[in-house]
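Chemist: The structure is given below, and queries will be raised subsequently.
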Amino acid sequence: MTRPIVWSIAGTDSGGGAGLAADQRAADAFGVHLCPVVAAVTAQNSQSVARVQAVGVELLEAQLAALESDMPPAAIKTGLLGDAAQIELVARWIDRLRERAPVALVVDPVLGASTGASFADDAALRAYRDRLLPRATLLTPNRREAGELLGASDDSVASQPALAQALRTQGAKAVCITGGDSAGDGGRALDWIATEHARGWLASPRVATAHNHGTGCTFASSAAAALALGFVAADALVLAKMATGHALRAGYAAGEGAGPVHAGNGFAGDASLLPQLSWGPEPCFAGRPASAAPPLELYAIVESADRVNAVLAAGVRTVQLRVKTPPDADAAWRVALRDAVRRSVEACRAAAGAQLFVNDHWRLALELGAPGVHLGQEDLLAMSDDERRGLAASGLALGISSHSLWELCRARSLAPRYVACGPVWPTLTKAMPWRPQGLHNLSWWCAMAGAPVVAIGGILSAAQVEDCARSGAAGVCAVRALGDDPRRSVPALQQAWERGRRSPPDAGRIGLPRPSLVP
0 MTRPIVWSIA GTDSGGGAGL AADQRAADAF GVHLCPVVAA VTAQNSQSVA RVQAVGVELL
60 EAQLAALESD MPPAAIKTGL LGDAAQIELV ARWIDRLRER APVALVVDPV LGASTGASFA
120 DDAALRAYRD RLLPRATLLT PNRREAGELL GASDDSVASQ PALAQALRTQ GAKAVCITGG
180 DSAGDGGRAL DWIATEHARG WLASPRVATA HNHGTGCTFA SSAAAALALG FVAADALVLA
240 KMATGHALRA GYAAGEGAGP VHAGNGFAGD ASLLPQLSWG PEPCFAGRPA SAAPPLELYA
300 IVESADRVNA VLAAGVRTVQ LRVKTPPDAD AAWRVALRDA VRRSVEACRA AAGAQLFVND
360 HWRLALELGA PGVHLGQEDL LAMSDDERRG LAASGLALGI SSHSLWELCR ARSLAPRYVA
420 CGPVWPTLTK AMPWRPQGLH NLSWWCAMAG APVVAIGGIL SAAQVEDCAR SGAAGVCAVR
480 ALGDDPRRSV PALQQAWERG RRSPPDAGRI GLPRPSLVP
């Protein structure tokens, strides 16, 4: 299998901690091939930077030209760039490469060292603003660097969300303002992400270590590697957050000062590294979901109270009433909806062990005594923080749809009863832009979500139900698989479920998930 190629145009670190050394470790962790293009040479150790020397633009261009035809990049990451002339050269090369094929650009604006040494003068800052920001697929400054790029030396003048919005206005398609160096965040490392698909606080428990040299380089290079593998920016940032947390845990002393972080294999299969993502500017995160709950198993999704009764009579014990709101919903439709929810609640109460989830209409479900609701990400995103807190405090068991890494992270922040992973296979039930997740991603969701996972989408046969159960799903949604007569279809589906659950789980290592949205 050909490995995607990433160019890192950055500086060396004679101490082996940051710069191209950290970039190489991150690339290896993701299984991409890194081409280390030297833009500057630094004389440094774990305590200080003694000297920075930019390479001449002729030598920098010679390196890029040597790679152009033989090893063209899927993504480029820039780190320490020595001066405005280098930045101008890189911008020209980005345009040149993009004439032939798409190239993602991750700009990590290394403007100074943590020890206080400055790497960028006024001309370089102007070149960043004018030449690189408008070309950036993703920009990854810390808060101080974000302020400098915007011409504000005082990093307290704006919040991270406001800084990110301003930088996107300057042309960057996506921005992540990293906050691992900030304090006062309740023990969490908070990064604000603002992308085409998602925005919010990406949060993980802070890693208590003195050995954090190369953290920013690792994060940006990890994001570039994920973009090269085909992930959109929001998902790439989730994986970068995981890889950086793993690298911090593996940091070690290599001198008298802060030692290097060490990105390595295994980060993508460690559920403790999967972050949460807030729904808005307030960093609200729930704890873990309650573990004591009835099993989900075969999960019937139906459109009427009559159909609820039919699947209950066939032996199904997890049911979702999904009555979609028509564009011309009137008073008569609302009366009919209320009646359908009421009758479904009564039917599930009368059936031993049955549990009901009402799709979308959570206030009505709460009013009429339904035990659970299922909500899509758009519905939850449209709520205010107060409304989401009210939902969490209501006692309703909450199921949430998810189709991507960032949606999974966002769902986790509400401690749901379950997370739906889909579509597992292509589905005609509703139009959506997502690629099918397949059994590989379903297995990854089940291992990583920290909550029960329900498989949904394109499940038409007993064999597919068995495959989902074998992958670790806590439930498998049946819509069209129920057919016209659930009494005929349900027994075979339940038998398939039991066969899958009895099968030994795959003992293989959980690796990277696969992209579920075309960039």
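Residues in the sequence shown are numbered consecutively from 0, following numbering that gives the first Met the number 0. We put the beta carbon where it would ideally sit given N, CA and C, even for glycine.
Do Gly-186 and Pro-204 have their CB atoms nearer than 9 Å?
Modeler: Yes; because the gap between Cβ atoms is below 9 Å, this pair is in contact.
Chemist: Could you tell me which of Ile-4, Gln-52, Pro-280 sits nearest to Ala-225, measuring between CA atoms?
Modeler: When only C-alpha atoms are compared, the closest one is Ile-4.
Chemist: For Leu-138, which of helix, strand or coil comes out of DSSP?
Modeler: Residue state, collapsed to three classes: strand.
Chemist: What residue does the alpha helix (DSSP H) around Trp-524 start on, and which one ends it?
Modeler: Only positions 0 to 518 of the chain appear in the structure, and residue 524 is not among them; the question remains open.
Chemist: Are the beta-carbon atoms of Val-37 and Ala-223 separated by less than 9 Å?
Modeler: The answer is no: Cβ separation not under 9 Å.
Chemist: Output needed for Phe-230: all residues of its chain with C-beta closer than 7 Å, excluding positions within five of it in sequence on either side, in chain order.
Modeler: Counting only Cβ-Cβ distances below 7 Å, and skipping sequence neighbours, we find Leu-238, Pro-514.
Chemist: In terms of residues, what are the limits of the alpha helix (DSSP H) holding Ile-86?
Modeler: Run containing Ile-86: 83-97, per the alpha helix (DSSP H) assignment.
Chemist: May I ask you to report which of helix, strand or coil DSSP gives Lys-323?
Modeler: Coil.
Chemist: Can you give the beta carbon distance from Leu-365 to Ser-393, rounded, assuming they're within the 8 Å contact cut?
Modeler: Contact flag correct, Cβ pair sits at about 5 Å.
Chemist: What residue range does the beta strand (DSSP E) around Lys-76 cover?
Modeler: Note, Lys-76: beta strand (DSSP E), 74-77.
Chemist: Of the choices Gly-279, Met-241, Arg-409, Ser-277, whose alpha-carbon is the least far from that of Gly-265?
Modeler: When each option's Cα is compared against that of Gly-265, the closest is Met-241.
Chemist: Which residue comes first and which comes last in the beta strand (DSSP E) that contains Val-475?
Modeler: That run of the beta strand (DSSP E) goes 474-477.
Chemist: In whole angstroms, give me the CA-to-CA distance for Ala-491 and Pro-512.
Modeler: Those two C-alpha atoms are separated by around 31 Å.
Chemist: Using a beta-carbon distance below 9 Å, is Gly-150 in contact with chain D?
Modeler: Protein chain content of the structure displayed is limited to a single chain, and chain D is not contained in it.
Chemist: Would Val-340 pass as a contact of Leu-320 if the rule is Cβ separation under 9 Å?
Modeler: Going by C-beta atoms, Val-340 is nearer than 9 Å to Leu-320.
Chemist: So Ser-460 and Leu-438 are in contact, right, with Cβ under 8 Å, and what is the actual spacing, rounded?
Modeler: Actually they are not in contact, since the Cβ atoms of Ser-460 and Leu-438 sit about 14 Å apart, beyond 8 Å.
Chemist: Can you give me the C-alpha to C-alpha distance between Glu-386 and Ser-277, rounded to a whole angstrom?
Modeler: If I take the Cα positions, the gap works out to 14 Å.
Chemist: Based on DSSP bridge pairs, tell me the residues matched to Gly-398.
Modeler: Answer is His-373, Tyr-417, bridged to Gly-398.
Chemist: Kindly provide the ranges of any beta strand (DSSP E) runs that are 3 or more residues long and lie completely inside the stretch 175-240, ordered along the chain.
Modeler: 187-193, 198-204, all fully within the stretch 175-240.
Chemist: Count Cβ pairs between the stretch 142-149 and the stretch 158-165 that sit closer than 8 Å; are there 3 or more?
Modeler: Enough Cβ pairs lie closer than 8 Å, so yes.
Chemist: Take Ala-257 and list the residues in its own chain whose beta-carbon comes closer than 7 Å to its own, dropping the five residues that flank it on each side.
Modeler: The residues are Ser-45, Ala-209, His-210, Asn-211, His-212.
Chemist: Does Ala-331 pass the burial test, meaning 16 or more other C-beta atoms within 10 Å, or should it be called exposed?
Modeler: The residue is exposed, with fewer than 16 neighbouring Cβ atoms inside 10 Å.
Chemist: Do you know how far the Cα of Gly-250 is from the Cα of Asp-359?
Modeler: Roughly 45 Å between the two C-alpha positions.
Chemist: Return the residue from the list Leu-404, Pro-325, Val-344 that minimises the CA-CA distance to Val-318.
Modeler: Of the candidates Leu-404, Pro-325, Val-344, the one whose C-alpha sits nearest the C-alpha of Val-318 is Val-344.
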